[in-house]
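Residues in the sequence shown are numbered consecutively from 1, following the UniProt record's numbering.
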Amino acid sequence: MLRFALRTLKNSIRSVPLCAGSKNFSTNFDKIPKETVDCVVIGAGVVGIAVARELALKGREVLVIESASTFGTGTSSRNSEVIHAGIYYRPKSFKAIFCVRGKELLYKYCSDHGVPHKQIGKLIVATGSSEIPKLNNILCHGIENGVSDLRMMEGFEAMQMEPELQCTKALLSPSTGIVDSHSLMLSLIGEAENHRTSFFYNTTVIGGHLEGNHMHLYIAENKDLEKSFEKFPLQPGLILIPKLVVNSAGLSASSLAKRFVGLPSGVIPPTHYARGCYFTLSNTRVSPFKHLIYPIPEDGGFGVHVTLDINGRVKFGPDVEWINDVDDISSLLNKFDYSVSADRAQSFYPKIRRYYPNLKDGSLEPGYAGIRPKLTAPRQSPADFFVQGEDIHGVNGLVNLFGIESPGLTSSMAIAEYIAANFLK
Ligand SMILES: Cc1cc2nc3c(=O)[nH]c(=O)nc-3n(C[C@H](O)[C@H](O)[C@H](O)COP(=O)(O)OP(=O)(O)OC[C@H]3O[C@@H](n4cnc5c(N)ncnc54)[C@H](O)[C@@H]3O)c2cc1C
């Protein structure tokens, strides 16, 4: 049955053209093939993939619809690849609960499945006495969140561990680590596929409507989408009618939800975008640090920190740059600017030198950038992850995941566990 549905899906998407006419969707859906399916996950980032695997392991048939040409090309491959301990987040928030649980699940999964990872530990550093109260607050948050292994250290102790470091005091988090996110996603996909999950790439969910209290999803093939989007209304090639749909579209989750006709618009939070750039160290393959080094967090992010990848390469970042010019169409089409301007390095040097004074002039090279989907604007308190189900929006079988910024990678398996436990009927 699933095989048949999938064949139909592939064929039918190709056979129905995008059509010209009024500005909105074409409303003549009679000729468009429809398929009733079990579960649809929108987006093959690490969260969507983890959700698909979890649903599949619970015996459900899952289709993953991904607009890019392969998995994990969005935020899931543009982050620090840190397995966070769960220290910073408001106690009892989803971020705190999912991060602590997700860390446990992730370490176990990586060990069991040979996914490259290392529990290398992290130092959060105060570089002046004015920052010490903030460090104490971070410690309290961590303890409240159930991170039981944190240890406050005097500056000299931390500097003995890390000779290149300069700090007044430091908080050691031994359970923080790093993971090869690509290998993680690949492994989760393999397992999901072995349990009746199918992944469709170059395929976009362009909207949907509510009918009989079920979301009908409009599916279109990608290749004509971009040139047609602004000029013509879109006609889907296929309508999928899932029992459960998980909108895990990352940066595009809000703009996609706005295109679900019948979903009360008041429940859809606006997404604010904050780019974070990374710089690498030129002329050296040897990292100056063995641990991850984090300053006190800044507005919108964790501060320009030192991370290491699984091969020991060092990078600094991400900074925070709020982006205002992302409209809903650009968001839906994944048209985000990930370029890293070399000029931004000038603001990195003083930030990094506060804890790494030996950083040489001219040693930073542009690396890559990621974008955070934030539910609050600059200078507002950080928002929690928003897992929005029927209890909030009233639509049976629709789960929207909004604002899945950091620690979304760490939390991915816990989010998946939560969705399977709470939304599967
Ligand atoms: C700079 C930065 C650093 C970070 N560092 C860390 C870290 O160290 N540790 C940590 O735990 N977390 C970190 N995070 C957060 C983490 O990377 C994200 O929370 C996580 O990757 C989100 O995964 P996702 O699957 O929700 O989104 P994404 O990876 O963005 O996936 C969403 C997918 O949906 C697809 N899509 C969008 N619209 C549609 C549509 N209409 N139809 C079909 N497909 C669609 C996109 O193409 C994309 O592939 C960081 C984030 C940033 C930005």
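All C-beta atoms in this analysis are idealised placements derived from N, C-alpha and C, irrespective of residue type, glycine included.
Residue i to residue j span [Cα, whole Å]
| i | j | result |
| --- | --- | --- |
| PRO264 | ALA377 | 22 Å |
| LYS95 | GLU321 | 22 Å |
| LYS23 | GLN235 | Residue placement at LYS23 is flagged as unreliable, the pLDDT there being 38, under the threshold of 50; the coordinate-derived value follows with that caveat. About 11 Å. |
| LYS290 | VAL326 | 38 Å |
| LEU240 | GLY208 | 9 Å |
| PRO318 | GLU211 | 43 Å |
| GLY389 | ALA421 | 12 Å |
| VAL51 | ASP309 | 25 Å |
| ASN194 | VAL40 | 17 Å |
| GLY21 | LYS31 | Only weak support is given to the placement of GLY21: the predicted model assigns it a pLDDT of 33, under 50, and the question is left unresolved by the model. |
| ILE219 | ALA44 | 15 Å |
| SER183 | GLY74 | 15 Å |
Endpoints, the alpha helix (DSSP H) within which residue i is located
| i | result |
| --- | --- |
| PHE423 | 408-423 |
| ILE189 | 181-194 |
| SER198 | Not the alpha helix (DSSP H): SER198 falls in the beta strand (DSSP E), residues 197-200. |
| PRO242 | Counting along the chain, PRO242 falls outside any alpha helix (DSSP H), though it belongs to the beta strand (DSSP E) covering 238-247. |
| HIS291 | Here HIS291 belongs to no alpha helix (DSSP H), and DSSP marks it neither H nor E. |
| residue 436 | The structure shown does not extend to residue 436, since the chain is modelled only from 1 to 425, so the question has no answer here. |
| LYS351 | 345-353 |
N- and C-terminal bounds of the beta strand (DSSP E) containing residue i
| i | result |
| --- | --- |
| ALA44 | First-last for ALA44: undefined, no H or E at that position. |
| VAL320 | First-last for VAL320: undefined, no H or E at that position. |
| LEU375 | No beta strand (DSSP E) contains LEU375, which DSSP labels as neither H nor E. |
| ASN136 | Counting along the chain, ASN136 falls outside any beta strand (DSSP E), though it belongs to the alpha helix (DSSP H) covering 132-144. |
| PHE386 | 386-388 |
| SER173 | 169-173 |
| PHE279 | 272-281 |
Proximity test, residue i beta-carbon vs ligand 1 heavy atom, cut-off 7 Å
| i | result |
| --- | --- |
| SER341 | no |
| SER252 | yes |
| HIS305 | no |
| ARG78 | yes |
| THR197 | no |
| VAL115 | no |
| SER173 | no |
| ASN334 | yes |
| GLY48 | yes |
| THR75 | yes |
| GLY43 | yes |
| HIS216 | no |
| VAL267 | no |
| VAL205 | yes |
| ARG372 | yes |
| SER406 | yes |
| SER67 | yes |
| ALA249 | yes |
(request) Answer yes if the region 74-94 comes into contact with the region 296-314, meaning at least three C-beta pairs across the two stretches below 8 Å, and no otherwise. (result) The region 296-314 makes contact with the region 74-94, as at least three CB pairs between them are under 8 Å.
(message) Closer than 8 Å is the cut-off here; do at least three beta carbon pairs connect the region 109-124 with the region 199-207?
(response) no
(message) Check whether the region 274-284 and the region 256-263 are in contact - that is, three or more C-beta pairs closer than 8 Å.
(response) no
(message) When you compare the region 402-411 with the region 345-360, are there three or more beta-carbon pairs, one atom per stretch, that lie closer than 8 Å?
(response) no
(message) Across the region 269-282 and the region 135-152, are there enough close Cβ pairs to call them in contact, namely three or more that are closer than 8 Å?
(response) no
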